[in-house]
Amino acid sequence: MMKVVGPVHKSDVGGVVLNVNDEETVRREFRRMIQIKDTHAIMLAQQLRGTEVFIGAKREGFGKKGTKNVRREGQIPAVIYGGKDEPIHFSVDAREVKPLIYTPNSYIVEFDIEGKKETGVMRDIQYHPVKDYPMHIDFFRVVPGKPVAIDIPVKIVGNSEGVKAGGKLTVQKRKLRVSGLVENLPDELIVDITELGIGKSIFVGDMKYDNLTLLNPASTSICAVVITRAARGAAAAAED
Numbered sequence: 005m006m007k008v009v010g011p012v013h014k015s016d017v018g019g020v021v022l023n024v025n026d027e028e029t030v031r032r033e034f035r036r037m038i039q040i041k042d043t044h045a046i047m048l049a050q051q052l053r054g055t056e057v058f059i060g061a062k063r064e065g066f067g068k069k070g071t072k073n074v075r076r077e078g079q080i081p082a083v084i085y086g087g088k089d090e091p092i093h094f095s096v097d098a099r100e101v102k103p104l105i106y107t108p109n110s111y112i113v114e115f116d117i118e119g120k121k122e123t124g125v126m127r128d129i130q131y132h133p134v135k136d137y138p139m140h141i142d143f144f145r146v147v148p149g150k151p152v153a154i155d156i157p158v159k160i161v162g163n164s165e166g167v168k169a170g171g172k173l174t175v176q177k178r179k180l181r182v183s184g185l186v187e188n189l190p191d192e193l194i195v196d197i198t199e200l201g202i203g204k205s206i207f208v209g210d211m212k213y214d215n216l217t218l219l220n221p222a223s224t225s226i227c228a229v230v231i232t233r234a235a236r237g238a239a240a241a242a243e244d
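Residue numbers (this note's numbering): 5 to 244.
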């Protein structure tokens with residue numbers, strides 16, 4: 005069984021079981037979801053309230069045949085690893101994990117896999133190279149008292165001085181990777197752009213958050229205000 009906790013803290017994902025008996029049906033579902041801009045996944049992600057428990061199962065066969073059979077049943081092969089315990093290979097329902105995949109949020113995921121309780125963060129998703137549906141998910145195990153690395157969404161706040169002067173705000177990083185204890189992880193990282201002028205940027209090295217370590221390079225640009233053609237023309241006219 006699997007319980008999903010998010011975003012980062014104590015909400016949970018409600019899910020719908022997808023009963024299919026062939027791999028092509030699973031592929032078709034994910035293609036349809038992509039074509040409609042993941043509306044259903046977004047709807048599910050907005051329902052991250054209450055508590056739901058989902059069925060997960062250990063996997064014994066790890067070859068191509070074994071994983072193909074798992075996907076044919078509407079499941080996605082997965083693994084959780086890290087810490088001192090051995091990796092656990094299991095499968096999750098393709099329909100249930102859509103809110104984890106097609107959302108800007110990040111989640112701490114709690115598992116009950118055949119009686120063994122685990123907590124992890126989603127670390128990597130492997131997609132089909134042509135049909136673009138998820139083929140495998142990696143989760144990194146969360147160990148109590150140990151920092152965890154996770155990508156947290158950035159929230160831009162404030163009315164930039166540069167934008168008021170005619171500039172245009174551009175955002176280069178929608179998420180930042182941080183390290184911290186689970187209880188200290190925020191739902192979002194606030195970036196205040198109020199004093200950001202035209203031609204100026206905010207870098208990772210400019211930001212500090214309590215009880216968190218930013219793992220992106222300090223020189224990484226989060227956002228900037230660039231001068232627009234109209235603003236440049238207005239400035240030139242003013243000089244004349």
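Think of the CB as a built atom: it goes at the ideal place given N, C-alpha and C, for glycine as much as any other residue. As the structure is a prediction and not an experimental result, all values here were calculated from the model.
Please state whether the Cβ-Cβ distance between residue i and residue j is less than 8 Å.
i, j, result
"Ile-3", "Gly-162", "Here the chain has residues from 5 to 244 only, and residue 3 is not among them."
"Arg-145", "Gly-87", "yes"
"Gly-184", "Asn-220", "no"
"Asn-98", "Gly-78", "A quick correction: the sequence has Ala, not Asn, at residue 98. Yes. Within cutoff."
"Ile-141", "Ile-197", "no"
"Asn-101", "Ile-92", "Sequence inspection shows Val at residue 101; the Asn mentioned does not correspond to that position. Contact flag unset, no."
"Asp-177", "Thr-224", "The identity of residue 177 in the sequence shown is Lys, whereas the question assumes Asp. Against a cut-off of 8 Å, the Cβ pair of Thr-224 and Lys-177 comes out as a contact."
Please report the residue range of the beta strand (DSSP E) in which residue i lies.
i, result
"Pro-138", "138-145"
"Gly-124", "120-131"
"Glu-114", "112-117"
"Gly-203", "Note, Gly-203: premise wrong, no beta strand (DSSP E); not H, not E."
For the alpha helix (DSSP H) holding residue i, just list the boundary residues, first then last.
i, result
"Lys-102", "102-105"
"Gly-166", "165-168"
In chain order, what residues of the same chain have a beta carbon less than 8 Å from the beta carbon of residue i, not counting five sequence neighbours either side?
i, result
"Lys-179", "Pro-108, Ser-110, Asp-155, Ile-156, Pro-157, Val-158"
"Lys-120", "Ile-92"
Pull up the CB-CB distance for residue i and residue j, whole angstroms please, since I reckon it's below 8 Å.
i, j, result
"Ile-112", "Thr-123", "6 Å"
"Val-182", "Cys-227", "In fact, because the Cβ distance is near 17 Å, the residues do not count as touching under 8 Å."
"Phe-143", "Ile-117", "Not a contact, Cβ separation roughly 11 Å."
"Val-186", "Val-152", "6 Å"
For residue i, which residues does DSSP report across the bridge?
i, result
"Ala-82", "Phe-94, Ile-141"
"Gly-184", "Val-152"
"Ile-194", "Lys-159"
"Gly-171", "Ile-231"
"Thr-217", "Ser-183"
"Lys-72", "Answer is none; Lys-72 lacks a bridge partner."
"Lys-62", "Phe-94"
"Ser-225", "Phe-207"
Might you give, ordered along the chain, the residues of its own chain that have their beta carbon closer than 7 Å to the beta carbon of residue i, omitting 5 neighbours on each side?
i, result
"Leu-200", "Ser-164, Glu-165, Gly-166, Ile-206, Val-229"
"Ile-231", "Gly-171, Ile-202, Gly-203"
"Leu-218", "Leu-180, Val-182, Val-208, Met-211"
"Ala-234", "Gly-170"
"Asp-128", "Asp-142"
For residue i, which residues of its own chain have a beta-carbon under 6 Å away from its beta-carbon, when the five flanking residues on both sides are left out?
i, result
"Met-139", "Gln-130, His-132"
"Glu-192", "Pro-157, Lys-159"
"Ala-222", "Val-208, Gly-209"
Quick one: does the C-beta of residue i sit closer than 7 Å to a heavy atom of the ligand GDP?
i, result
"Gly-166", "You won't find the ligand GDP in this model; it holds no ligand whatsoever."
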